[in-house]
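J.: Start counting the sequence shown at 2; every next residue gets the next number (this note's numbering).
Please read through the structure below; I'll follow up with questions.
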Amino acid sequence: MDGNGRWAKKRMLPRFMGHQKGVKSVKKVVKFCVEQGVDSLTLFAFSTENWKRPKEEVSKLMSLFLNALQKEVIKLNENNVRLNVIGDRSGFSTEIQENILKAEALTENNTGLFLNIAANYGGRWDIFQAMKAWQKQNPTLSIDALNEDALIPFLSLHEQSDPDLLIRTGGEKRVSNFLIWQMAYTEYYFTDELWPDIDESSMQKAVDSFSDRERRFGKTSEQIKTC
Ligand code: IPE
Ligand code: MG
Numbered sequence: 002m003d004g005n006g007r008w009a010k011k012r013m014l015p016r017f018m019g020h021q022k023g024v025k026s027v028k029k030v031v032k033f034c035v036e037q038g039v040d041s042l043t044l045f046a047f048s049t050e051n052w053k054r055p056k057e058e059v060s061k062l063m064s065l066f067l068n069a070l071q072k073e074v075i076k077l078n079e080n081n082v083r084l085n086v087i088g089d090r091s092g093f094s095t096e097i098q099e100n101i102l103k104a105e106a107l108t109e110n111n112t113g114l115f116l117n118i119a120a121n122y123g124g125r126w127d128i129f130q131a132m133k134a135w136q137k138q139n140p141t142l143s144i145d146a147l148n149e150d151a152l153i154p155f156l157s158l159h160e161q162s163d164p165d166l167l168i169r170t171g172g173e174k175r176v177s178n179f180l181i182w183q184m185a186y187t188e189y190y191f192t193d194e195l196w197p198d199i200d201e202s203s204m205q206k207a208v209d210s211f212s213d214r215e216r217r218f219g220k221t222s223e224q225i226k227t228c
């Protein structure tokens, strides 16, 4: 979700107002995914690197996060959405941590869209936390016993399929330490639209672009067509 600051700057508004407008886009995108029957949506809300932003911006982002956890979750629950926060929670205030647990508990039995919020998340952090968790659970095994299949159960989102499509808004063409393990075979879609301008029609464009692609997963085009 990139481009909130630029959206605000273009209108001579403080960056915070871009983030506020960005929350509206989150609601539109979640609604789109619920209506389209998407299994899982992961939003990159706050990276491990975002703490380096000015203190005031970080604190406003934290208030928006807390507010969303307290208010928006009620509507998410009514829409059968399961909320799941991925990332290093220990970086957040106790109040935010408690509200994450509450929101997850409230929605845990829902069967609709899996809505993952990546907060204080980084793809490299994810891989290392998985390795540490594997070692903790297998203290007597040597590192030689560690392979891809052994590590996967410890990675974030391991219970969900790997993402089919990555959408990055705001014109930048990079992954910025998002789900680097999980996106090994993901299709990437980049748009110049700024996150606060994203709506249902922007999402439809991304899905249309995805539908036109041939996913070979390392195989040849001929092999895919005969499957
Ligand atoms: C993304 O928008 C929102 C968060 C990181 C929370 P930015 O704040 O990065 O917006 P730009 O890139 O400055 O326009
Ligand atoms: Mg940015």
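Ideal Cβ placement from N, Cα and C applies to all residues, glycine included.
Could you name the residues whose beta carbon sits closer than 5 Å to any heavy atom belonging to the ligand IPE, keeping them in chain order?
T.: Listed by chain position, these are Asp3, Gly4, Asn5, Gly6 and Arg7.
J.: Can you tell me where the beta strand (DSSP E) with Ile87 in it begins and where it stops?
T.: Residues Arg83 to Ile87.
J.: Does the stretch 38 to 53 come close enough to the stretch 112 to 121 that 3 or more CB-CB pairs lie under 8 Å?
T.: Flag = yes, the stretch 112 to 121 and the stretch 38 to 53 touch.
J.: Across the stretch 180 to 195 and the stretch 152 to 170, are there enough close Cβ pairs to call them in contact, namely three or more that are closer than 8 Å?
T.: Cβ pair count under 8 Å is three or more, so yes.
J.: Applying the 10 Å Cβ sphere with the 16-neighbour rule, what's the burial state of Val59?
T.: Exposed, because fewer than 16 other Cβ atoms sit within 10 Å of the Cβ of Val59.
J.: So the alpha helix (DSSP H) Ile225 belongs to, where does it begin and stop?
T.: Element bounds for Ile225: Ser222 to Thr227.
J.: Based on the DSSP secondary-structure assignment, which residues constitute the bridge partners of Phe47?
T.: Its beta-bridge partners are Ala120.
J.: Does the stretch 73 to 84 touch the stretch 188 to 195, meaning 3 or more C-beta pairs lie closer than 8 Å?
T.: At 8 Å Cβ cutoff, the stretches do not touch.
J.: Could you round the C-beta distance between Ser210 and Tyr190 to whole angstroms and report it? I think they count as a contact, below 8 Å.
T.: Going by Cβ atoms, the distance from Ser210 to Tyr190 rounds to 6 Å, so yes, they are a contact pair.
J.: Between which two residues does the beta strand (DSSP E) holding Glu188 run?
T.: Start and end: Glu188 to Phe191.
J.: Note down, one range per segment and in chain order, each beta strand (DSSP E) of at least 3 residues found wholly within the stretch 167 to 217.
T.: Correct list: 188 to 191.
J.: Roughly how many angstroms separate the alpha carbons of Trp126 and Thr221, rounded to a whole number?
T.: Each residue's Cα considered, the two are about 34 Å apart.
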